[in-house]
Amino acid sequence: MSPVFTIHKIGLNNMGSAANEDNTSSNWMQRQFSKVTRNLRYRISGEGNSKTPDWFLDKFAAQTFTDPEEPLYQAKRSKLLCGLKLAFDPTLPGHYHWLAVVSLAILYNMVFVIGRAVFWELDKLTVLWFVLDYLCDAIYVFDTIVHIHEGYLEQGLMVKDPKMLRKHYLKSVSWRYDLISLLPTDLAYYWWIPGTCDANCLPCPVIVRLNRLFRLPRMWEWFDRTETATSYPNAFRICKVVMAILVLIHWNACLYFAISYAIGFGTDNWVYNITGARNETLAHQYIYSFYWSTLTLTTIGETPQPEIDAEYLFVVADFLAGVLIFATIVGNIGSMISNMNVARVEFQNKMDGVKQYMAFRKVSGELEARVIRWFAYTWAQSGALDEENVLSSLPDKLKAEIAIRVHLDTLRKVRIFQDCEPGLLEALVLKLKLQVFSPGDYICRKGDVGKEMYIVKRGRLQVVADDGKTVLATLSAGSVFGEVSVLEIAGNRTGNRRTANVRALGYSDLFCLAKRDLWEALADYPDARATLTERGCQLLRKDGLLDEAVFENAQTTQQSMEETVHKLETTVDMLNNRLQGLLTDVGEEQAKIKQRISKIELRCVSCLQNHNLRFMDTEDENTDSDDLTSLAASDLRSDVGGYSELPMISAYNTSMHLLTHPMPVRERGHSLSVERSSGLLNRAPEPRSKSLRLKRIHKDTSK
Ligand SMILES: Nc1nc2c(ncn2[C@@H]2O[C@@H]3COP(=O)(O)O[C@H]3[C@H]2O)c(=O)[nH]1
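Just so it is clear: in the sequence shown, position 60 is 60 by the UniProt record's numbering, and no numbers are missing.
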């Protein structure tokens, strides 16, 4: 029986509750059932044929959303949508592979167009070159179609409308390069027939295909994508640089040969000498030129001395290129290689520091040997990877997902994680710190204050009694320990002290979880906390360290508190419901009142209009505060505006009073105007300080 099982078994035996076992087995059955249904689903849909679904991963890994209606998603399967409705998702692997094919075609043109243009012997294999050339041209044509319909991101969403894609393409500079690279310059072959060149007529006609190099940006794109995607970026960078160096040397070799031709083969010591059986062969021509080019660009020198000005100029240009380009490239390679080693160098520095310290402080030989063994083990296991720093730039969700996947084997064995909510594992996994212990190390000793709990990632540990010999339990990957003292279980006779010694048998990698982090996480997951507490109680009971009375008391108190909280929650819910009801009633009543006010307003206004009365705002000095009409109107307006029923009624009464008791006439010059007599309905309430007068206007006497 595995040690993990041992510790679980102790728990179950001590519980002695069939109900719990039933629970466990029903959980197990549920899991099995969901496993089977998932399997079936995978088989029916044809997905995941190669991989068996993992219930633990299914539960905790974030799901990636793919909209099945997404046209680009469909394009992923069919690659092409019929007609002109094309859209290619540049994030899909298919697109990446296509770029690789295009890059090969570009590389072919980069190497062979110039090579064949200069080394006429090479251009003799006409049929082969025709096939390869036009195959590359076909790739270019198809690539242009792909390029035009490549999706791009706008506001974080992939644009897939072909019209918009075409527009976007035409707005970019790429279309110019694509167009130039597609120009059918080979039409020149009609007059300038390929394969007819010799030492007296260079360059060969294939030189007209040099425009094919304008597609180089697509190659850079592939390089960028590979550099981002590859797991070995440094190795890839080195390969890229080596390739760049070789192409550069090749081009320089071709130039050297072309210049030799221009000056005249064999006219001096510097140029290529074509006479002689060996020198006439294509292999020797190319190898010598390549050799010359390498020596010059790497500034090693040792090449024949230039003799005429043109030769000097060419060599100077080559040296400059060698220093500027070559030295930079080679320097880059150097730094890449040292970057690849940086982890090892840092680790060695740390180890040397510790060794020096131990020698300086005269630490005993045995301890020193243990420390060195610890370093060796740490390096062998993880390469001294600083996982926290490496992932520090990622968002927490992604970090958690990576951590779950990296430590999947351990985490899926931890019992509390098997049934817990995904959120708890996410919360905990980010707080786990990896610690390595050497054989014989005590992780905790009985009586120490418990400040953290542990999950065993790798290795074997023993829980030992005071005598150091009696083994209470053996722990292995997936076991949890140290929770008893950090959970502060009521009735624990040892308080927050360790209840047992835990010792590493071999090298052990443990995930350490600080008490504060554990409490913070468990605060939101009471079920998980109850499971851990229950397990802790079983251990305490087994060792006779649990004061049952105190524990029961605490449980009862907690239960009563929970009940009280529950009651309070119910009351709050009830009150909320009643409040909602009351608010609805108030709303209805308000609506009714508003209707009534509107009716009264209408009646008021029509009455006033019938009697040639009007409201008018005045702030003039004639305001007469005792004027009954003024006050009445003021009341009427402000109360109507405020939709208050009672004052409105009094306003209404007042207006009725005004109607039955005509007011003295107040004249304003000779003109009598009817101003805003209907404004009453539309106006918002205004402060009472603004005096308002009700005026009764007679018509112009002249009228
Ligand atoms: N007391 C006790 N602790 C055990 C036993 N088996 C495993 N342990 C773990 O050993 C840990 C020692 O520290 P803690 O008391 O914090 O928590 C303890 C338990 O998690 C056991 O049989 N008795």
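Even for Gly, the Cβ is constructed at its ideal location relative to N, Cα and C. Since the model is a prediction, treat every value here as computed from it, not as a measurement.
Notebook entry, point to check: Are there 16 or more other CB atoms within 10 angstroms of the CB of residue 453, so buried, or fewer, so exposed?
Noted result: Walking along the sequence shown from the start, residue 453 turns up at place 453. Label assigned to residue 453: buried.
Margin query: On the criterion of 16 or more Cβ atoms from any shown chain inside 10 Å, does residue 585 qualify as buried, or is it exposed?
Written below: Stepping through the sequence shown from its first residue, residue 585 is reached at position 585. It is exposed - the Cβ of residue 585 has fewer than 16 other Cβ atoms within 10 Å.
Notebook entry, point to check: In the segment 149–189, which residue ranges form an unbroken beta strand (DSSP E) of at least 3 residues, counting only runs that do not cross its ends?
Noted result: If we require 3 residues or more, the beta strand (DSSP E) runs fully inside the segment 149–189 come out as 152–154, 157–159.
Next item on the list: From the DSSP output, in three-state form, read off residue 442 for me.
Entry: One-based indexing of the sequence shown puts residue 442 at position 442. Secondary structure at residue 442: strand, using DSSP grouped into helix, strand and coil.
Checklist line | Nearest-angstrom Cβ-Cβ length linking residue 487 and residue 532, presumed shorter than 8 Å | finding: In the sequence shown, the residue the question calls residue 487 occupies position 487. In the sequence shown, the residue the question calls residue 532 occupies position 532. Confirmed, about 6 Å.
Notebook entry, point to check: If you compare alpha carbons, which of 116, 124, 160 is closest to residue 91?
Noted result: In the sequence shown, residue 91 corresponds to position 91, counting from 1. Ranked by Cα distance from residue 91, the first of 116, 124, 160 is 160.
Notebook entry, point to check: With a cut-off of 8 Å, do at least 3 Cβ pairs link the segment 418–430 to the segment 461–474?
Noted result: Two segments are said to touch when three or more pairs of C-beta atoms, one from each, lie closer than 8 Å; by this definition the segment 418–430 does not touch the segment 461–474.
Notebook entry, point to check: From the DSSP output, which residues share a beta bridge with residue 455?
Noted result: Indexing the sequence shown from 1 puts residue 455 at position 455. BP columns for residue 455 point to 480, 511.
Note to self: If you reduce the DSSP assignment to three classes, tell me which class residue 538 lands in.
What the structure shows: Walking along the sequence shown from the start, residue 538 turns up at place 538. Looking at residue 538 - three-state DSSP - the assignment turns out to be helix.
Check: Mapping DSSP to helix, strand and coil, what is residue 571?
Finding: By 1-based counting over the sequence shown, the position of residue 571 is 571. Note: residue 571 maps to helix in three-state DSSP.
Next item on the list: Determine the extent of the alpha helix (DSSP H) in which residue 473 is found, giving its start and end residues.
Entry: Translated into the one-based positions of the sequence shown, residue 473 becomes position 473. DSSP places residue 473 outside any alpha helix (DSSP H); the residue lies instead in the beta strand (DSSP E), whose first and last residues are 471–475.
Next item on the list: Could you give the DSSP three-state label for residue 487: helix, strand or coil?
Entry: Counted from its first residue, the sequence shown places residue 487 at position 487. Three-state result, residue 487: coil.
Item checked: Any non-hydrogen atom of ligand 1 within 8 Å of residue 441 CB -> In the sequence shown, residue 441 corresponds to position 441, counting from 1. It does not: the Cβ of residue 441 is nowhere closer than 8 Å to a heavy atom of ligand 1.
Next item on the list: State yes or no: is the C-beta of residue 484 within less than 9 Å of the C-beta of residue 498?
Entry: Position 484 of the sequence shown, counting from 1, holds the residue named residue 484. Position 498 of the sequence shown, counting from 1, holds the residue named residue 498. Contact flag set, yes.
Check: Just the Cα atoms here: how many angstroms apart are residue 435 and residue 366?
Finding: Here residue 435 refers to the residue found at position 435 of the sequence shown. Here residue 366 refers to the residue found at position 366 of the sequence shown. Between residue 435 and residue 366, the C-alpha separation is close to 21 Å.
Next item on the list: Just the C-alpha distance for residue 505 and residue 326, rounded to the nearest angstrom, thanks.
Entry: Translated into positions along the sequence shown, residue 505 becomes position 505. Translated into positions along the sequence shown, residue 326 becomes position 326. Whole-angstrom Cα-Cα distance: 56 Å.
Notebook entry, point to check: ligand 1 heavy atoms versus the CB of residue 513: any closer than 8 Å?
Noted result: Numbered from 1 along the sequence shown, position 513 holds the residue referred to as residue 513. No; taking the cut-off as 8 Å, the Cβ of residue 513 has no heavy atom of ligand 1 nearer than that.
Notebook entry, point to check: Nearest to residue 414 by alpha carbon, out of 323, 528, 500, 334?
Noted result: The sequence position of residue 414 within the sequence shown is 414, counting from 1. Comparing Cα-Cα distances from residue 414 to each of 323, 528, 500, 334, the minimum goes to 528.
Notebook entry, point to check: Just to confirm, does residue 450 get its C-beta within under 8 Å of one of the non-hydrogen atoms of ligand 1?
Noted result: Numbered from its first residue, the sequence shown carries residue 450 at position 450. Because some heavy atom of ligand 1 lies under 8 Å away, the Cβ of residue 450 counts as near it: yes.
Check: Shortest alpha-carbon distance to residue 136 belongs to which of 108, 145, 539?
Finding: In the sequence shown, counting from the first residue as 1, residue 136 sits at position 136. Selection 108, 145, 539 evaluated against residue 136 yields 108 as nearest (Cα-Cα).
Check: In whole angstroms, what is the alpha-carbon distance linking residue 406 and residue 433?
Finding: The count along the sequence shown starts at 1 and reaches residue 406 at position 406. The count along the sequence shown starts at 1 and reaches residue 433 at position 433. Rounded to the nearest angstrom, the two C-alpha atoms are 14 Å apart.
Next item on the list: Let me know the secondary structure DSSP gives residue 380 once reduced to three states.
Entry: What you label residue 380 is simply residue 380 of the sequence shown in a count that begins at 1. Helix at residue 380.
Margin query: Is any non-hydrogen atom of ligand 1 found closer than 8 Å to the C-beta of residue 453, if you look at the structure I gave you?
Written below: Sequence index remark: in the sequence shown, residue 453 carries index 453 (1-based). Flag set: Cβ of residue 453 near ligand 1.
Notebook entry, point to check: Taking the Cβ atom as the reference point for each residue, do residue 705 and residue 359 lie within a distance shorter than 9 Å?
Noted result: Residue 705 lies beyond the range of the chain shown here (1 to 703); nothing can be said about it.
Note to self: Bridge partners for residue 503 per DSSP, in chain order?
What the structure shows: Within the sequence shown, the letter at position 503 stands for residue 503. Residue 503 is bridged to 442, 462.
Check: From the DSSP output, which residues share a beta bridge with residue 449?
Finding: Taking the sequence shown and counting its residues from 1, one reaches residue 449 at position 449. According to DSSP, which records beta bridges pairwise, residue 449 is partnered with 497.
Check: Hey, is residue 484 close to ligand 1, as in C-beta under 8 Å from one of its heavy atoms?
Finding: On the sequence shown, residue 484 is found 484 positions in, with the first residue counted as 1. Yes, since a heavy atom of ligand 1 falls inside the 8 Å radius drawn around the Cβ of residue 484.
Next item on the list: Flag this pair as touching only if the segment 275–282 and the segment 201–221 have three or more C-beta atom pairs under 8 Å; answer yes or no.
Entry: As far as the Cβ criterion goes, the segment 275–282 does not touch the segment 201–221, which means the pair count is below three.
Check: In this structure, what does DSSP give as the bridge partners for residue 437?
Finding: On the sequence shown, position 437 is the one that residue 437 refers to. In the DSSP output, where bridge partners are listed per residue, residue 437 has 508.
Next item on the list: Between the Cα of residue 297 and those of 446, 381, 255, spot the shortest distance and give me the residue it belongs to.
Entry: Counting from one through the sequence shown, the residue named residue 297 turns up at place 297. Comparing C-alpha distances from residue 297 to each of 446, 381, 255 shows the shortest one belongs to 255.
Check: The alpha helix (DSSP H) with residue 120 in it runs from where to where?
Finding: On the sequence shown, position 120 is the one that residue 120 refers to. Boundaries cannot be given for residue 120, as no alpha helix (DSSP H) includes it and DSSP labels it neither H nor E.
Notebook entry, point to check: Is it the case that the CB of residue 498 approaches a heavy atom of ligand 1 more closely than 8 Å?
Noted result: Taking the sequence shown and counting its residues from 1, the one referred to as residue 498 is at position 498. Checking the Cβ of residue 498 against ligand 1 gives yes.
Item checked: residue 643, DSSP secondary structure in three states -> As a position in the sequence shown, residue 643 is number 643, starting the count at 1. Caution applies to residue 643, whose pLDDT of 43 falls short of 50 and renders its modelled position unreliable; the model cannot decide the point.
Check: What is the rounded straight-line gap between the Cα of residue 715 and the Cα of residue 374?
Finding: Since the first and last residues shown for the chain are 1 and 703, residue 715 lies out of range.
Check: What is the rounded straight-line gap between the Cα of residue 554 and the Cα of residue 567?
Finding: For the purposes of this step, residue 554 is taken as the residue at position 554 of the sequence shown. For the purposes of this step, residue 567 is taken as the residue at position 567 of the sequence shown. Cα atoms of residue 554 and residue 567: separation of roughly 19 Å, rounded to the nearest angstrom.
Check: CB residue 511 to CB residue 410, shorter than 9 Å?
Finding: Residue mapping note: residue 511 aligns to position 511 of the sequence shown, counting from 1. Residue mapping note: residue 410 aligns to position 410 of the sequence shown, counting from 1. Yes, the Cβ-Cβ distance between residue 511 and residue 410 is below 9 Å.
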